[in-house]
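To start, the structure itself, in structure tokens.
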Amino acid sequence: MKSIFSKLSVITTLFIPAIANAHSGHDSTAFTNGLTHPFTGLDHLIMLFAFGLLVGCLSTSQSRKLGLIALSLLTLVGGLVAGQWFGVMNGVEEAIVASLFVVSIAISLAFSQSQNVLKLAVASCVAMMFFHGYAHGVEARGNTSLFAAGMAVGAVILMFAGKKLGFVIASRWLSVGVAAASSLLLMTA
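Read in order, the letters of the sequence shown are residues -22 to -1, 1 to 167 in mature numbering (1 follows the signal peptide of the UniProt record, and there is no 0).
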């Protein structure tokens, strides 16, 4: 029990907010700003890393795990493009917050016997990546291709780091860590 608590404490500490505002101002045309944003936008940090944890905990082939990461990345970038085209939409920030708890529930479901519910939860997580991209598409000005490329690279790094840790730890308790980190983010925002 002490070992699980120690691991969970380390994971939770990774998510303690250093900055109270998850969406600080950023230049939407620079590759480096896109690259660093998933690490400094705490809502993205939690979602992308937690999605990687989820993928790492799944009992499926590596090719399917890579497919899930690729699909979530396409959904994220698609959301960025849609946000730039369509502009402000009600409920985006609420969907981003909800996504943090949906991925937490999905991690817990990765250890259940109900594969249909798990598939629905994973599909919901992938779909909710859209809103993380959409918020930036709305904020973006000018040519966002370099920012999007940087954000995609940063997102992949976080998802693969989470995937590796999720595979190594593979515990339902990871969902508690994600929910706790999400709650901390909400309390500091």
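Cβ atoms here follow ideal geometry from the backbone N, Cα and C, with glycine treated the same way.
{"Query": "Within the chosen definition, does the stretch 22 to 37 reach the stretch 154 to 167 through at least 3 CB pairs nearer than 8 Å?", "Result": "yes"}
{"Query": "For Ala167, does the three-state DSSP call read helix, strand or coil?", "Result": "coil"}
{"Query": "Do Ala127 and Gly12 count as a contact pair if the criterion is CB distance below 8 Å?", "Result": "yes"}
{"Query": "Gly19: buried (16+ other C-beta within 10 angstroms of its C-beta) or exposed?", "Result": "buried"}
{"Query": "Quick one, which of Leu54, Phe89 and Ile85 has its alpha-carbon nearest Ile74's?", "Result": "Leu54"}
{"Query": "For Val100, is the classification buried or exposed, using 16 other Cβ atoms within 10 angstroms of its Cβ as the cut-off for buried?", "Result": "buried"}
{"Query": "If contact is defined by three or more beta carbon pairs under 8 Å, each pair taking one atom from either stretch, is the stretch 141 to 159 in contact with the stretch 75 to 82?", "Result": "yes"}
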